[in-house]
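Step one of this worksheet: look at the structure below.
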């Protein structure tokens, strides 16, 4: 969706508008939020991005509608990701340094994840997979998880 606040120089705005292909497609979106799987290389199946549709830096700058919806929508998507992935929990990470458009990472924490990649170590996993030093998950596995999450959110969408 191309939001009224779209900024051509913003990579998140471009992804939300469909100008940058999202591997696995759009998982879920409404007028406020956009969810997609992270692009390859894939560190973990189900590692998704949760973005605002509006070009806004982060929760401190949400309008009242975004602020009211954020918690319930984030809870629903995180809980659904736990259910479909079998993850022990879902990490939420949002720094907002690379792009000044609110985007957060929802990262499933699987029981078989080596302890060195738990918590803050998950960033080392992503860097290792990106550099080729650590094997990632196959594309088919990541895209299958994106499809499972999409199907689950279609069957039971987040609150409006």
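In my numbering, the protein residues as written are 3 to 162.
Just so it is clear, CB atoms sit at the ideal spot from N, CA and C, and this is done for glycine as well.
(message) Considering Cα atoms alone, identify which of 48, 10 and 17 is closest to residue 143.
(response) For residue 143, the closest alpha carbon among the candidates 48, 10 and 17 is that of 48.
(message) Let's test the definition: count the other Cβ atoms within 10 Å of the Cβ of residue 14 and tell me whether it reaches 16, buried, or not, exposed.
(response) buried
(message) Please classify residue 52 as buried or exposed, where buried requires at least 16 other C-beta atoms within 10 Å of its C-beta.
(response) buried
(request) Quick one: grab the DSSP three-state call for residue 72. (result) Helix, per DSSP.
(message) Quick check on the burial criterion: 16 or more other C-beta atoms within 10 angstroms. Buried or exposed for residue 22?
(response) exposed
(request) Measure the alpha-carbon distance for residue 44 versus residue 125 and round it to whole angstroms. (result) 12 Å
(message) Taking the straight line between their C-alpha atoms, what separation do you get for residue 156 and residue 30?
(response) 8 Å
(request) Could you check what DSSP says for residue 65 in three-state terms: helix, strand or coil? (result) coil
(request) Output yes or no for whether 8 Å exceeds the beta carbon distance between residue 111 and residue 91. (result) yes
(message) Using the three-state DSSP reduction, which class does residue 93 fall into: helix, strand or coil?
(response) strand
(request) Quick one: grab the DSSP three-state call for residue 83. (result) helix
(request) Look at the alpha carbon of residue 1 and the alpha carbon of residue 5, and state the distance between them as a whole number of angstroms. (result) In the structure as shown, the chain begins at 3 and stops at 162. Residue 1 is therefore absent and cannot be evaluated.
(message) Assuming residue 13 is part of the alpha helix (DSSP H), what are its boundary residues?
(response) For residue 13, the enclosing alpha helix (DSSP H) stretches over residues 13-18.
(request) Confirm, please, whether the CB-CB distance from residue 36 to residue 18 is below 8 Å. (result) Contact: yes.
(message) I'd like to confirm the pairing. Which residues does DSSP put opposite residue 131 in its beta bridges?
(response) Looking at the DSSP assignment, residue 131 forms no beta bridge with any residue, so it has no partner.
(message) For residue 104 and residue 58, which I take to be in contact (beta-carbon distance under 8 Å), what is that distance rounded to the nearest angstrom?
(response) 6 Å
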